[in-house]
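So the sequence shown is residues 1 to 223, counted in the UniProt record's numbering.
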Amino acid sequence: MNHRKSRRDSEVTLSNYNHKELLFKFLIIGDYGVGKTAVVRRYTEGKFSSNYKVTIGADFAIKTLNWDPHTKINLQLWDIAGHERFGYMTRVYYKYAVAAALVFDISRITTFQSVKKWLNDLREKVTLPDGSNIPIILLANKGDIKHTAIPTEQINKFCKDNKIAQWYVTSAKENKNIDEAMHFLVENVLKSKIENEIKDSIKLRTTLINEKTTGCCSHEIHK
Ligand SMILES: Nc1nc2c(ncn2[C@@H]2O[C@H](COP(=O)(O)OP(=O)(O)OP(=O)(O)O)[C@@H](O)[C@H]2O)c(=O)[nH]1
Ligand SMILES: [Mg+2]
1 MNHRKSRRDS EVTLSNYNHK ELLFKFLIIG DYGVGKTAVV RRYTEGKFSS
51 NYKVTIGADF AIKTLNWDPH TKINLQLWDI AGHERFGYMT RVYYKYAVAA
101 ALVFDISRIT TFQSVKKWLN DLREKVTLPD GSNIPIILLA NKGDIKHTAI
151 PTEQINKFCK DNKIAQWYVT SAKENKNIDE AMHFLVENVL KSKIENEIKD
201 SIKLRTTLIN EKTTGCCSHE IHK
């Protein structure tokens, strides 16, 4: 995996007029063996291996997207070891994340039961700078395995009850729905970013108007 110096999330580099480069940190979390590393590898390198090599701590990979003619997005995907759930390091790994993909193995019910604990851990430790929750999607991975242990209705209900915007049946092995899921997350982050920028510009305008008013009044008093 590519290792690079970590930068703060949502960093904007205006390289030239009307062209921007963004950096988003995404978390990939869930129980051990559900396929987090396989999903990241499929997405960033287009490869799959059936060997299981346990992730220790966390790893990360970069994917660059030419989102539109004016926007380049560098996605920093943090692949957190499934064994880390109750490790104190998760707080450090989660820092500055702007979105997350929660992964479980559709053929193993226990991994779905753990999703709630991962979600609670995430919501407790990460919020966007304005205090709101980060966008989260749920990936029911190993969709190529015919044995599905969790009924669709149960997953739908879980997402509705826990305000998870979207879920996908994915397969790192067969390259199913991984691009689509990541695309959805990026769109959500961009949407919340635009909303925040609008809020900021309103705040700025209000401040400017207030300052102008204050300036005007104090000027009148001095007259
Ligand atoms: N059939 C199938 N096997 C998969 C798929 N994704 C991952 N696997 C296999 O599942 C095993 C575990 O995958 P990993 O990606 O290493 O799991 P992980 O979630 O990163 O596990 P930890 O690093 O321990 O947290 C490996 O043997 C993978 O080849 C998939 O979509 N389909
Ligand atoms: Mg792993």
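Cβ atoms here follow ideal geometry from the backbone N, Cα and C, with glycine treated the same way.
Between ligand 2 and A81, a heavy atom-to-CB distance of less than 7 Å is present. I178 has its CB no nearer than 7 Å to any heavy atom of ligand 1. Linking T55 to G30 through their CA atoms gives a straight-line distance of about 12 Å. With a threshold of 16 other beta carbon atoms within 10 Å, I194 falls short and is exposed.
Scanning its chain for C-beta atoms nearer than 8 Å, with the 5 sequence neighbours on each side dropped, one finds around I28 the residues K36, V39, V40, L77, W78, D79, I80, A100, A101 and V103, in chain order. The way I'd put it, the segment 134 to 143 does touch the segment 105 to 118; three or more beta-carbon pairs between them come closer than 8 Å. Taking the C-beta atoms as reference points, K125 is found no nearer than 8 Å to Y96. The beta-carbon separation of K173 and D130, rounded to 39 Å, does not stay under the 8 Å limit for a contact. Comparing C-alpha distances from F158 to each of Y32, K117 and R42 shows the shortest one belongs to K117. Closer than 7 Å to some heavy atom of ligand 1: that describes the Cβ of G30. A distance below 6 Å between beta-carbons, with the five flanking residues on each side excluded, links H19 to the following residues of its chain, in chain order: H70. Among the bridge pairs identified by DSSP, T71 is matched with K20 and D68. Between N162 and L119, the C-beta spacing is below 8 Å.
Shortest gap from the CB of T110 to any heavy atom of ligand 2: 7 Å or more.
Bridge partners of N141 according to DSSP: D105. Within the segment 136 to 190, complete alpha helix (DSSP H) segments of at least 4 residues are found at 152 to 161, given in chain order.
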